[in-house]
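I have placed the structure first, in the form of structure tokens, so that the comments after it can refer back to it.
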Amino acid sequence: MKLFIQGMGIFCAFTVMALPPTEIIDTSVSNTNKDVEIKARDRSAVNTGIQARGALIKDSSLENRFSGVVNARGNSMVNTGIKADGANIKNSKIKTETSADISAENAIVNTGVDASEIRNSEINVKYKGSIDAAGSTVKAGSVEGQINNKKINTNVNENITAIGKNLKIGTVSGGDGRPSSFEGRDGLDFSRSGKGAGGASIGNVEVQSNVTREVNTSVGTTNPVDGLKTRHLSKVYAEEGGVDPSGTKHVYVTAKQKEKAKKTGGSVGDTTVGPGDYKIKKVNTFVE
């Protein structure tokens, strides 16, 4: 299947549309798009995923699978995941699996889960493929929204092209006792056959404590204010592991550290909050 969109067109295929006050209760929704080629140009909007904006979703299952090629240009937006901003999701299972080669220039591509509030639900997001991005935001395998009283935000705006294998950058995983879980360790897995070491891990956060309520991760973004603040506080509280008196842990990764990890492997800027850690209430990570 090939989709070519140009101009201001909006294309929705195999999509569940849910606008207020739509309710999805005790329902199973499955959406699969296989071997799809998407070409979006000139401010186009393409949705091949599940869209459930503003809906009440309870005791249900949402599953979305996508495989193919995404080529987005010229301020276009492409969603191949689950978009449920404004929705209230309770006691449900959410799963997205994406296997795609993504090329984006001045565009936004989302393959993960975008939701406002998710409670007592199981979230499983996986991404596998390659990403070549310039001046774009590519959210691959990310989860955004309030999840089981944990505010989790990941923003990856990273130019990744022909790098080493198995790079994980800016992923978030969490869930005390695993009632609500995001398998972030598989969330952003860029597999390229080019040269370079594998296993690089940069700016990832894993939360196992129910004390930690908020996680903010920024990678390759252009907000210098947040970066300067995080860098300063990480130095000030270095002897305390970057944790300030309010319980916020500040982690800063320089561009030099990031590039070294991408080339040679290893990890930098990763944080794990164990189940017995009652000190860290919030984690702020900034990767240049």
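Numbered according to our numbering, the sequence shown spans residues 772 to 1059.
Note that CB positions come from ideal geometry on N, CA and C, so glycine has one too.
To the nearest angstrom, report how far apart Ile889 and Lys829 are at their CA atoms. 10 Å
Item to complete: Below 8 Å on the Cβ atoms is my guess for Gly845 versus Arg824; work out the distance and round it to an integer in Å.
Response: 24 Å between Cβ atoms; not a contact.
For this session: Going by CA-CA distance only, name the one from Ile853, Val1022, Glu985 and Ser831 that's closest to Phe837.
Result: Ile853
Check: Nearest-angstrom Cα distance between Arg814 and Asn802?
Finding: 25 Å
Grab the span of the alpha helix (DSSP H) containing Val996 for me, first residue to last. Pro995 to Val1007
ask   = Using DSSP with H/G/I as helix, E/B as strand and the rest coil, what is Thr1043?
value = strand
TODO: Would you identify the three-state DSSP class for Thr1056, choosing helix, strand or coil?
DONE: strand
- Query: Which residue comes first and which comes last in the alpha helix (DSSP H) that contains Glu1030?
  - Reply: Ala1026 to Thr1035
Measuring CA to CA, which of Ala886, Gly1036, Ser847 and Tyr1023 is closest to Ala826?
Ala886
### Task
Starting from Asn877, trace the beta strand (DSSP E) both ways and give me its first and last residue.
Note, Asn877: premise wrong, no beta strand (DSSP E); not H, not E.
Check: Counting along the chain, where does the beta strand (DSSP E) carrying Lys810 start and finish?
Finding: Ser799 to Arg812
Review point. So Val1014 is in the beta strand (DSSP E); what residue range does that whole segment cover?
Key: It is not in any beta strand (DSSP E) - Val1014 carries neither H nor E in the DSSP assignment.
What number of angstroms, rounded off, separates the C-alpha of Phe1057 from the C-alpha of Asn895?
24 Å
task = Report the residue from Ile860, Thr869 and Ser1038 whose alpha carbon sits nearest the alpha carbon of Asn804.
result = Thr869
Beta-carbon proximity check, Ile1051 vs Lys1020, cutoff 9 Å
yes
Could you check what DSSP says for Asn862 in three-state terms: helix, strand or coil?
coil
_Out of Thr1035, Ile902, Ile809 and Lys1000, which one is the CA nearest neighbour of Asn1055?_
Lys1000
| field | Under 9 Å between C-beta atoms of Val841 and Ala811 | value | yes
On a CA-only basis, which of Ala843, Ala871, Gly820 and Gly1040 is nearest Val884? Give me that one, please.
Gly820
* Asked: From which residue to which residue does the beta strand (DSSP E) around Gly839 run?
  -> Ser832 to Arg844
Enumerate in chain order the residues of its own chain whose CB-to-CB distance from Glu1059 is below 6 Å, with the five nearest sequence positions on each side excluded. Thr1025 and Ala1026
Please classify Ser799: is it buried, with 16 or more other beta-carbons within 10 angstroms of its beta-carbon, or exposed? exposed
**Item:** Spatial distance of Val1022 from Ser1005 (CA atoms)
**Value:** 6 Å
Next on the checklist: One question on the structure: do Ile809 and Thr851 come within less than 9 Å of each other, judged by their Cβ atoms?
Outcome noted: yes
Check: Excluding five sequence neighbours on each side, which residues of the same chain lie with their C-beta closer than 7 Å to the C-beta of Gly1013?
Finding: Ser1005, Lys1020, His1021 and Val1022
Cβ-Cβ distance between Val982 and Asp1048 below 9 Å:
yes
Check your understanding: So is Arg844 in contact with chain C if we call contact Cβ pairs under 9 Å?
Key -> Of the protein chains in the structure, only one exists, and it is not chain C.
Please report the straight-line C-alpha distance between Asn862 and Lys1031, rounded to a whole angstrom. 42 Å
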